[in-house]
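Numbering (this note's numbering), first residue to last: 15 to 408.
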Amino acid sequence: MAGREPVGIASARPGLAASAAVALAYGVVLPVLPTVVASSPSPARAIAELMAVYSAAMVVTAPIWVRVCRQLPAHLLVRFSLLGQAAAMIMLLWSSETTVLLLARGLQGIFAGAALPALQTAASRAAGSEGDRSQRLSDLTRAALVGSLFGPGVGGVVAADDSLVGPVLVGAAVLVLAAAAQRPATGSATIVVAGPGSPTRHRDVVVLLLLAALAAAAMSVYEVGLATQGGADGLSARELGFMFTGCGVVMLLAQSLVFRPRHDPLRAFNWVAPSFVATAAGLALLAWLGGRWPGALGLVLVAAGGGVLQPALVYWTSRAAGAAEATSLGWRASFTAAGQALGSLAGGFAFAVTLTGKIVLATLLLILLAAAMLALARRRAPAGLPLSVSTQER
(Lines of atoms letter the chains of each structure in order from A; the text may use other names.)
(Lines give C-alpha, C1' and ligand atoms only; values in the text may rest on other atoms or scores of the structure.)
Protein backbone atom coordinates (compact mmCIF):
# COMPACT_ATOMS: atom_id res chain seq x y z
CA MET A 15 0.00 0.00 0.00
CA ALA A 16 1.27 3.44 -0.87
CA GLY A 17 1.86 5.95 1.89
CA ARG A 18 2.35 5.40 5.56
CA GLU A 19 0.73 2.53 7.39
CA PRO A 20 -1.99 3.60 9.82
CA VAL A 21 -0.59 3.90 13.31
CA GLY A 22 -2.52 1.83 15.81
CA ILE A 23 -4.21 2.59 19.07
CA ALA A 24 -2.56 1.60 22.34
CA SER A 25 -5.19 -0.96 23.31
CA ALA A 26 -8.57 -2.16 22.14
CA ARG A 27 -10.57 -0.35 24.82
CA PRO A 28 -10.29 3.24 23.50
CA GLY A 29 -11.25 2.03 20.04
CA LEU A 30 -14.25 0.16 21.41
CA ALA A 31 -15.27 3.25 23.38
CA ALA A 32 -15.04 5.37 20.24
CA SER A 33 -17.12 2.89 18.23
CA ALA A 34 -19.80 2.83 20.91
CA ALA A 35 -19.81 6.61 21.25
CA VAL A 36 -20.33 7.20 17.52
CA ALA A 37 -23.29 4.80 17.47
CA LEU A 38 -24.81 6.28 20.63
CA ALA A 39 -24.52 9.82 19.28
CA TYR A 40 -26.30 8.77 16.10
CA GLY A 41 -29.18 7.06 17.88
CA VAL A 42 -29.71 9.22 20.95
CA VAL A 43 -31.87 11.74 19.05
CA LEU A 44 -33.96 9.21 17.10
CA PRO A 45 -36.86 8.98 19.61
CA VAL A 46 -37.32 12.77 19.54
CA LEU A 47 -37.25 13.24 15.76
CA PRO A 48 -40.96 12.48 15.19
CA THR A 49 -41.90 15.27 17.63
CA VAL A 50 -39.31 17.76 16.34
CA VAL A 51 -40.51 17.45 12.73
CA ALA A 52 -44.20 16.95 13.55
CA SER A 53 -45.09 20.38 12.13
CA SER A 54 -43.41 19.74 8.78
CA PRO A 55 -45.63 19.03 5.74
CA SER A 56 -44.44 15.40 5.62
CA PRO A 57 -43.01 14.16 8.94
CA ALA A 58 -42.12 10.73 7.52
CA ARG A 59 -40.14 12.36 4.71
CA ALA A 60 -38.42 14.74 7.13
CA ILE A 61 -37.34 11.85 9.39
CA ALA A 62 -36.03 9.95 6.37
CA GLU A 63 -34.05 13.00 5.19
CA LEU A 64 -32.50 13.58 8.62
CA MET A 65 -31.32 9.97 8.69
CA ALA A 66 -30.22 9.98 5.06
CA VAL A 67 -28.15 13.18 5.18
CA TYR A 68 -25.97 11.70 7.95
CA SER A 69 -25.22 8.66 5.83
CA ALA A 70 -24.84 10.64 2.60
CA ALA A 71 -22.17 12.80 4.23
CA MET A 72 -20.24 9.64 5.14
CA VAL A 73 -20.51 8.41 1.55
CA VAL A 74 -18.69 11.45 0.22
CA THR A 75 -16.05 11.77 2.92
CA ALA A 76 -15.11 8.21 3.94
CA PRO A 77 -12.63 7.68 1.03
CA ILE A 78 -11.07 11.07 1.80
CA TRP A 79 -10.60 10.15 5.44
CA VAL A 80 -8.74 7.01 4.34
CA ARG A 81 -6.03 9.20 2.79
CA VAL A 82 -5.85 11.20 6.01
CA CYS A 83 -5.60 7.94 7.96
CA ARG A 84 -2.35 7.11 6.13
CA GLN A 85 -0.73 10.35 7.27
CA LEU A 86 -2.21 10.87 10.73
CA PRO A 87 -1.96 8.50 13.72
CA ALA A 88 -5.23 6.64 14.27
CA HIS A 89 -5.80 7.95 17.78
CA LEU A 90 -5.52 11.57 16.61
CA LEU A 91 -7.88 11.03 13.68
CA VAL A 92 -10.43 9.28 15.91
CA ARG A 93 -10.15 12.05 18.53
CA PHE A 94 -10.69 14.71 15.85
CA SER A 95 -13.70 12.76 14.56
CA LEU A 96 -15.32 12.48 17.98
CA LEU A 97 -14.85 16.15 18.87
CA GLY A 98 -16.20 17.20 15.47
CA GLN A 99 -19.30 15.09 15.99
CA ALA A 100 -19.83 16.64 19.43
CA ALA A 101 -19.69 20.15 17.94
CA ALA A 102 -22.10 19.16 15.18
CA MET A 103 -24.57 17.79 17.73
CA ILE A 104 -24.58 21.09 19.61
CA MET A 105 -25.66 22.74 16.34
CA LEU A 106 -28.90 20.75 16.55
CA LEU A 107 -29.93 23.11 19.35
CA TRP A 108 -29.55 26.26 17.27
CA SER A 109 -32.92 26.03 15.60
CA SER A 110 -35.75 23.60 14.89
CA GLU A 111 -35.79 24.62 11.24
CA THR A 112 -35.40 21.58 9.01
CA THR A 113 -32.54 23.21 7.07
CA VAL A 114 -30.48 23.77 10.21
CA LEU A 115 -31.20 20.25 11.45
CA LEU A 116 -30.10 18.81 8.10
CA LEU A 117 -26.89 20.87 8.16
CA ALA A 118 -26.01 19.75 11.69
CA ARG A 119 -26.83 16.12 10.95
CA GLY A 120 -24.75 16.26 7.77
CA LEU A 121 -21.72 17.66 9.60
CA GLN A 122 -22.08 14.94 12.21
CA GLY A 123 -21.98 12.36 9.41
CA ILE A 124 -18.88 13.94 7.87
CA PHE A 125 -16.93 13.65 11.11
CA ALA A 126 -18.31 10.18 11.82
CA GLY A 127 -16.93 9.00 8.49
CA ALA A 128 -13.39 9.52 9.80
CA ALA A 129 -13.68 7.16 12.76
CA LEU A 130 -14.75 3.83 11.28
CA PRO A 131 -11.99 3.23 8.66
CA ALA A 132 -9.32 4.26 11.16
CA LEU A 133 -10.67 2.01 13.90
CA GLN A 134 -11.13 -1.00 11.61
CA THR A 135 -7.72 -0.68 9.97
CA ALA A 136 -5.95 -0.29 13.32
CA ALA A 137 -7.82 -3.30 14.74
CA SER A 138 -7.03 -5.46 11.73
CA ARG A 139 -3.32 -4.62 11.76
CA ALA A 140 -3.03 -5.35 15.47
CA ALA A 141 -4.31 -8.91 14.95
CA GLY A 142 -2.12 -11.94 15.55
CA SER A 143 -4.11 -14.41 13.43
CA GLU A 144 -7.12 -14.62 11.14
CA GLY A 145 -9.35 -15.62 14.03
CA ASP A 146 -8.00 -12.72 16.05
CA ARG A 147 -8.65 -10.32 13.18
CA SER A 148 -12.25 -11.51 12.85
CA GLN A 149 -12.70 -11.21 16.62
CA ARG A 150 -11.28 -7.67 16.79
CA LEU A 151 -13.44 -6.46 13.91
CA SER A 152 -16.55 -8.09 15.36
CA ASP A 153 -15.74 -6.52 18.74
CA LEU A 154 -15.83 -3.08 17.10
CA THR A 155 -19.22 -3.89 15.62
CA ARG A 156 -20.38 -5.22 18.98
CA ALA A 157 -19.29 -2.00 20.67
CA ALA A 158 -21.27 -0.04 18.10
CA LEU A 159 -24.26 -2.24 18.88
CA VAL A 160 -23.92 -1.39 22.55
CA GLY A 161 -23.98 2.28 21.58
CA SER A 162 -27.00 1.67 19.39
CA LEU A 163 -28.58 -0.25 22.22
CA PHE A 164 -28.28 2.53 24.78
CA GLY A 165 -28.57 5.53 22.45
CA PRO A 166 -32.30 5.59 21.68
CA GLY A 167 -33.23 4.33 25.13
CA VAL A 168 -31.19 7.04 26.86
CA GLY A 169 -32.49 9.63 24.42
CA GLY A 170 -36.08 8.72 25.19
CA VAL A 171 -35.47 8.91 28.95
CA VAL A 172 -33.69 12.30 29.00
CA ALA A 173 -35.95 13.94 26.42
CA ALA A 174 -37.94 16.17 28.75
CA ASP A 175 -41.12 17.27 26.96
CA ASP A 176 -39.77 15.55 23.84
CA SER A 177 -37.04 18.21 23.56
CA LEU A 178 -33.69 17.75 21.78
CA VAL A 179 -31.71 19.39 24.59
CA GLY A 180 -31.28 16.36 26.85
CA PRO A 181 -30.37 13.85 24.10
CA VAL A 182 -27.95 16.28 22.44
CA LEU A 183 -26.10 17.11 25.66
CA VAL A 184 -25.79 13.42 26.58
CA GLY A 185 -24.53 12.49 23.11
CA ALA A 186 -22.00 15.34 23.01
CA ALA A 187 -20.71 14.51 26.49
CA VAL A 188 -20.17 10.85 25.60
CA LEU A 189 -18.28 11.83 22.44
CA VAL A 190 -16.00 14.19 24.36
CA LEU A 191 -15.24 11.56 27.00
CA ALA A 192 -14.44 8.98 24.31
CA ALA A 193 -12.15 11.49 22.60
CA ALA A 194 -10.28 12.06 25.85
CA ALA A 195 -9.76 8.30 26.21
CA GLN A 196 -7.84 7.91 22.93
CA ARG A 197 -4.16 7.05 23.38
CA PRO A 198 -1.34 6.40 20.90
CA ALA A 199 0.12 2.96 20.32
CA THR A 200 3.29 2.17 22.21
CA GLY A 201 4.71 0.28 19.25
CA SER A 202 3.76 -1.14 15.89
CA ALA A 203 2.17 -4.57 15.81
CA THR A 204 3.71 -7.47 13.93
CA ILE A 205 1.51 -8.24 10.95
CA VAL A 206 1.01 -11.97 10.57
CA VAL A 207 -2.47 -12.06 9.01
CA ALA A 208 -3.18 -12.69 5.35
CA GLY A 209 -4.34 -9.18 4.44
CA PRO A 210 -1.31 -6.86 4.33
CA GLY A 211 1.02 -7.65 1.46
CA SER A 212 -1.27 -10.18 -0.25
CA PRO A 213 -2.95 -9.50 -3.62
CA THR A 214 -6.22 -7.60 -3.70
CA ARG A 215 -9.16 -9.67 -4.98
CA HIS A 216 -11.05 -6.78 -6.56
CA ARG A 217 -14.06 -8.75 -7.79
CA ASP A 218 -14.62 -10.36 -4.40
CA VAL A 219 -14.21 -7.03 -2.63
CA VAL A 220 -16.88 -5.45 -4.85
CA VAL A 221 -19.34 -8.27 -4.15
CA LEU A 222 -18.78 -7.99 -0.41
CA LEU A 223 -19.13 -4.20 -0.52
CA LEU A 224 -22.46 -4.49 -2.33
CA LEU A 225 -23.73 -7.03 0.20
CA ALA A 226 -22.70 -4.74 3.06
CA ALA A 227 -24.48 -1.79 1.43
CA LEU A 228 -27.64 -3.85 1.02
CA ALA A 229 -27.56 -4.98 4.66
CA ALA A 230 -27.16 -1.35 5.78
CA ALA A 231 -30.01 -0.24 3.51
CA ALA A 232 -32.36 -2.86 4.91
CA MET A 233 -31.59 -1.84 8.48
CA SER A 234 -32.20 1.84 7.65
CA VAL A 235 -35.52 1.00 6.00
CA TYR A 236 -36.51 -0.79 9.19
CA GLU A 237 -35.41 2.13 11.41
CA VAL A 238 -37.48 4.61 9.37
CA GLY A 239 -40.40 2.19 9.35
CA LEU A 240 -40.23 1.71 13.11
CA ALA A 241 -40.08 5.47 13.74
CA THR A 242 -42.89 6.15 11.26
CA GLN A 243 -45.17 3.34 12.41
CA GLY A 244 -44.50 4.14 16.05
CA GLY A 245 -45.40 7.78 15.53
CA ALA A 246 -48.58 6.81 13.70
CA ASP A 247 -49.51 4.45 16.53
CA GLY A 248 -49.09 7.23 19.09
CA LEU A 249 -45.97 5.92 20.82
CA SER A 250 -44.15 8.42 23.03
CA ALA A 251 -40.46 9.20 22.63
CA ARG A 252 -39.70 6.93 25.61
CA GLU A 253 -41.70 4.03 24.19
CA LEU A 254 -40.13 4.46 20.77
CA GLY A 255 -36.69 4.60 22.38
CA PHE A 256 -37.30 1.29 24.13
CA MET A 257 -38.34 -0.25 20.80
CA PHE A 258 -35.01 0.77 19.27
CA THR A 259 -33.25 -0.49 22.38
CA GLY A 260 -34.96 -3.85 22.02
CA CYS A 261 -33.66 -4.03 18.46
CA GLY A 262 -30.14 -3.40 19.74
CA VAL A 263 -30.46 -6.10 22.42
CA VAL A 264 -31.41 -8.72 19.84
CA MET A 265 -28.56 -7.65 17.53
CA LEU A 266 -26.08 -7.90 20.38
CA LEU A 267 -27.29 -11.35 21.39
CA ALA A 268 -27.19 -12.66 17.81
CA GLN A 269 -23.66 -11.39 17.30
CA SER A 270 -22.46 -12.77 20.62
CA LEU A 271 -23.76 -16.23 19.70
CA VAL A 272 -22.15 -16.30 16.24
CA PHE A 273 -18.90 -14.41 16.95
CA ARG A 274 -17.76 -16.13 20.09
CA PRO A 275 -14.06 -16.06 21.09
CA ARG A 276 -11.90 -18.27 18.85
CA HIS A 277 -14.73 -18.69 16.35
CA ASP A 278 -14.19 -19.88 12.77
CA PRO A 279 -14.71 -16.94 10.33
CA LEU A 280 -15.77 -19.33 7.57
CA ARG A 281 -18.54 -20.82 9.68
CA ALA A 282 -19.65 -17.32 10.64
CA PHE A 283 -20.12 -16.51 6.94
CA ASN A 284 -22.53 -19.45 6.66
CA TRP A 285 -24.99 -17.36 8.68
CA VAL A 286 -25.04 -14.55 6.07
CA ALA A 287 -27.63 -16.16 3.77
CA PRO A 288 -30.11 -16.99 6.59
CA SER A 289 -29.61 -13.47 7.95
CA PHE A 290 -30.68 -11.88 4.66
CA VAL A 291 -33.78 -14.11 4.63
CA ALA A 292 -34.61 -13.18 8.24
CA THR A 293 -34.24 -9.48 7.41
CA ALA A 294 -36.62 -9.78 4.47
CA ALA A 295 -39.18 -11.64 6.58
CA GLY A 296 -38.97 -9.06 9.37
CA LEU A 297 -39.54 -6.13 7.02
CA ALA A 298 -42.52 -7.90 5.47
CA LEU A 299 -44.09 -8.51 8.89
CA LEU A 300 -43.68 -4.89 9.99
CA ALA A 301 -45.04 -3.45 6.74
CA TRP A 302 -47.85 -5.84 5.85
CA LEU A 303 -49.23 -7.09 9.14
CA GLY A 304 -48.45 -4.33 11.64
CA GLY A 305 -49.73 -4.52 15.17
CA ARG A 306 -47.85 -5.21 18.37
CA TRP A 307 -46.95 -8.90 18.02
CA PRO A 308 -46.15 -9.03 14.27
CA GLY A 309 -44.10 -5.86 14.77
CA ALA A 310 -42.22 -7.44 17.68
CA LEU A 311 -41.48 -10.57 15.66
CA GLY A 312 -40.35 -8.44 12.73
CA LEU A 313 -38.03 -6.55 15.08
CA VAL A 314 -36.45 -9.79 16.29
CA LEU A 315 -35.89 -11.09 12.75
CA VAL A 316 -34.42 -7.87 11.35
CA ALA A 317 -32.23 -7.28 14.40
CA ALA A 318 -30.92 -10.86 14.45
CA GLY A 319 -30.01 -10.63 10.78
CA GLY A 320 -28.34 -7.23 11.18
CA GLY A 321 -26.32 -8.45 14.14
CA VAL A 322 -24.65 -11.10 11.99
CA LEU A 323 -24.33 -9.48 8.56
CA GLN A 324 -21.99 -6.53 9.10
CA PRO A 325 -19.27 -8.19 11.26
CA ALA A 326 -19.15 -11.21 8.93
CA LEU A 327 -18.90 -9.04 5.83
CA VAL A 328 -16.32 -6.61 7.24
CA TYR A 329 -13.92 -9.45 8.09
CA TRP A 330 -14.07 -10.99 4.61
CA THR A 331 -13.72 -7.56 3.01
CA SER A 332 -10.61 -6.99 5.09
CA ARG A 333 -9.20 -10.37 4.09
CA ALA A 334 -10.01 -10.09 0.37
CA ALA A 335 -8.57 -6.56 0.20
CA GLY A 336 -5.01 -7.72 0.82
CA ALA A 337 -2.55 -4.85 0.42
CA ALA A 338 -5.39 -2.39 -0.23
CA GLU A 339 -7.01 -3.06 3.14
CA ALA A 340 -7.20 0.53 4.40
CA THR A 341 -8.58 1.78 1.09
CA SER A 342 -11.11 -1.06 0.85
CA LEU A 343 -12.31 -0.51 4.40
CA GLY A 344 -12.73 3.17 3.60
CA TRP A 345 -14.79 2.31 0.54
CA ARG A 346 -16.74 -0.15 2.67
CA ALA A 347 -17.65 2.65 5.06
CA SER A 348 -18.71 4.71 2.07
CA PHE A 349 -20.79 1.88 0.56
CA THR A 350 -22.54 1.08 3.84
CA ALA A 351 -23.24 4.78 4.37
CA ALA A 352 -24.68 4.94 0.85
CA GLY A 353 -26.84 1.95 1.70
CA GLN A 354 -28.00 3.67 4.86
CA ALA A 355 -28.84 6.86 2.97
CA LEU A 356 -30.75 5.06 0.22
CA GLY A 357 -32.45 2.86 2.80
CA SER A 358 -33.56 5.89 4.81
CA LEU A 359 -35.03 7.52 1.70
CA ALA A 360 -36.62 4.26 0.56
CA GLY A 361 -38.07 3.77 4.02
CA GLY A 362 -40.00 7.00 3.62
CA PHE A 363 -41.81 5.38 0.69
CA ALA A 364 -41.82 1.71 1.68
CA PHE A 365 -44.11 2.19 4.68
CA ALA A 366 -46.49 4.57 2.94
CA VAL A 367 -49.85 3.09 2.00
CA THR A 368 -49.40 3.78 -1.70
CA LEU A 369 -48.66 1.79 -4.83
CA THR A 370 -45.16 3.29 -4.90
CA GLY A 371 -44.56 2.16 -1.32
CA LYS A 372 -45.65 -1.38 -2.10
CA ILE A 373 -43.40 -1.50 -5.17
CA VAL A 374 -40.38 -0.17 -3.23
CA LEU A 375 -40.85 -2.67 -0.42
CA ALA A 376 -41.44 -5.62 -2.76
CA THR A 377 -38.32 -4.72 -4.75
CA LEU A 378 -36.22 -4.55 -1.59
CA LEU A 379 -37.50 -7.93 -0.42
CA LEU A 380 -36.63 -9.53 -3.77
CA ILE A 381 -33.13 -8.03 -3.68
CA LEU A 382 -32.61 -9.35 -0.14
CA LEU A 383 -33.61 -12.84 -1.22
CA ALA A 384 -31.27 -12.61 -4.23
CA ALA A 385 -28.45 -11.58 -1.87
CA ALA A 386 -29.21 -14.61 0.28
CA MET A 387 -28.85 -16.87 -2.78
CA LEU A 388 -25.55 -15.18 -3.69
CA ALA A 389 -24.19 -15.60 -0.16
CA LEU A 390 -25.28 -19.23 -0.17
CA ALA A 391 -23.40 -19.83 -3.42
CA ARG A 392 -20.22 -18.26 -1.97
CA ARG A 393 -20.36 -19.92 1.43
CA ARG A 394 -17.37 -22.21 0.75
CA ALA A 395 -15.10 -19.38 -0.43
CA PRO A 396 -16.54 -15.98 0.59
CA ALA A 397 -13.54 -14.08 -0.78
CA GLY A 398 -12.20 -16.62 -3.28
CA LEU A 399 -9.75 -17.81 -0.63
CA PRO A 400 -8.88 -21.29 0.70
CA LEU A 401 -11.43 -22.99 2.93
CA SER A 402 -9.16 -23.38 5.94
CA VAL A 403 -8.88 -20.31 8.16
CA SER A 404 -6.49 -20.48 11.08
CA THR A 405 -8.03 -19.18 14.27
CA GLN A 406 -4.88 -19.70 16.31
CA GLU A 407 -2.09 -17.29 17.11
CA ARG A 408 0.99 -17.71 15.00
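Yeah, the Cβ is synthetic: ideal placement off N, Cα and C, and Gly gets one too. Every value quoted in this text rests on a predicted model; they were computed, and no experiment measured them.
{"Asked": "Distance CB(residue 240)-CB(residue 258) smaller than 8 Å", "Found": "yes"}
{"Asked": "For residue 308, three-class secondary structure by DSSP", "Found": "helix"}
{"Asked": "Buried/exposed call for residue 216, threshold 16 Cβ in 10 Å", "Found": "exposed"}
{"Asked": "CB of residue 31 within 8 Å of CB of residue 103, strictly", "Found": "no"}
{"Asked": "Proximity to residue 53 [Cα-Cα], best of 87, 36 and 111", "Found": "111"}
{"Asked": "Contact belief for residue 41 with residue 233 at Cβ below 8 Å, rounded distance in angstroms", "Found": "Residue 41 to residue 233, Cβ: 12 Å. No contact."}
{"Asked": "Per-residue DSSP class, three states only, for residue 173", "Found": "coil"}
{"Asked": "Proximity to residue 382 [Cα-Cα], best of 262, 294, 345 and 315", "Found": "294"}
{"Asked": "Contact set for residue 2: own chain, Cβ-Cβ below 7 Å, skip 5 residues either direction", "Found": "There is simply no residue 2 to check, as the chain begins at 15 and stops at 408 in what is shown."}
{"Asked": "Top-ranked residue by Cα proximity to residue 51, from 60, 44 and 43", "Found": "60"}
{"Asked": "For residue 273, the three-state DSSP class (helix, strand or coil)", "Found": "coil"}
{"Asked": "Residues of its chain near residue 153, where Cβ-Cβ distance is below 7 Å and the 5 sequence neighbours each way are ignored", "Found": "26 and 30"}
{"Asked": "Beta-carbon proximity of residue 96 to residue 193, cut-off 8 Å", "Found": "yes"}
{"Asked": "Inter-stretch contact at 8 Å, needing at least 3 Cβ pairs: the region 257-274 / the region 314-321", "Found": "yes"}
{"Asked": "Cut-off 6 Å between Cβ atoms - residues of its own chain near residue 299, not counting five sequence neighbours on either side", "Found": "308, 311 and 312"}
{"Asked": "Terminal residues of the alpha helix (DSSP H) in which residue 281 lies", "Found": "279-283"}
{"Asked": "Coarse secondary structure for residue 43, derived from DSSP in three states", "Found": "coil"}
{"Asked": "Rounded separation between residue 387 and residue 354 - CA only", "Found": "22 Å"}
{"Asked": "Touch test, the region 220-231 against the region 80-87, Cβ-Cβ under 8 Å, three pairs minimum", "Found": "no"}
{"Asked": "Contacts around residue 287, its chain only, beta-carbon distance under 6 Å, and the 5 residues preceding and following it disregarded", "Found": "386, 389 and 390"}
{"Asked": "Bounding residues of the alpha helix (DSSP H) (the contiguous stretch that carries residue 296)", "Found": "286-302"}
{"Asked": "From 325, 173, 315 and 230, residue whose alpha carbon lies closest to that of residue 44", "Found": "173"}
{"Asked": "DSSP-derived helix/strand/coil call for residue 87", "Found": "coil"}
{"Asked": "Cα-Cα separation, residue 221 to residue 177", "Found": "42 Å"}
{"Asked": "Option in 71, 164, 274 and 361 with minimal Cα separation from residue 472", "Found": "Past the boundaries of the shown model lies residue 472; the chain is included only from 15 to 408, so the question cannot be answered."}
{"Asked": "Cβ-based burial, residue 285 [other Cβ within 10 Å; buried from 16]", "Found": "buried"}
{"Asked": "Sub-8 Å separation of residue 235 and residue 280 beta-carbons", "Found": "no"}
{"Asked": "Cβ-based neighbour list, residue 324, same chain, cut-off 8 Å, excluding 5 preceding and 5 following", "Found": "155, 226, 229, 230 and 350"}
{"Asked": "Continuous alpha helix (DSSP H) stretch holding residue 133: start and end", "Found": "112-139"}
{"Asked": "Span separating the alpha-carbon of residue 205 from that of residue 392", "Found": "Note that residue 205 scores a pLDDT of 36, beneath 50, so its modelled location is shaky and nothing firm can be said."}
{"Asked": "Cβ pair residue 188, residue 38 closer than 8 Å", "Found": "yes"}
{"Asked": "Proximal residues to residue 36 (C-beta, below 6 Å), its chain only, five neighbours per side dropped", "Found": "126 and 129"}
{"Asked": "Cα-Cα separation between residue 273 and residue 376, rounded to whole angstroms", "Found": "31 Å"}
{"Asked": "With 16 other Cβ atoms within 10 Å as the buried cut-off, status of residue 197", "Found": "exposed"}
{"Asked": "C-beta atoms of residue 107 and residue 182 nearer than 8 Å", "Found": "yes"}
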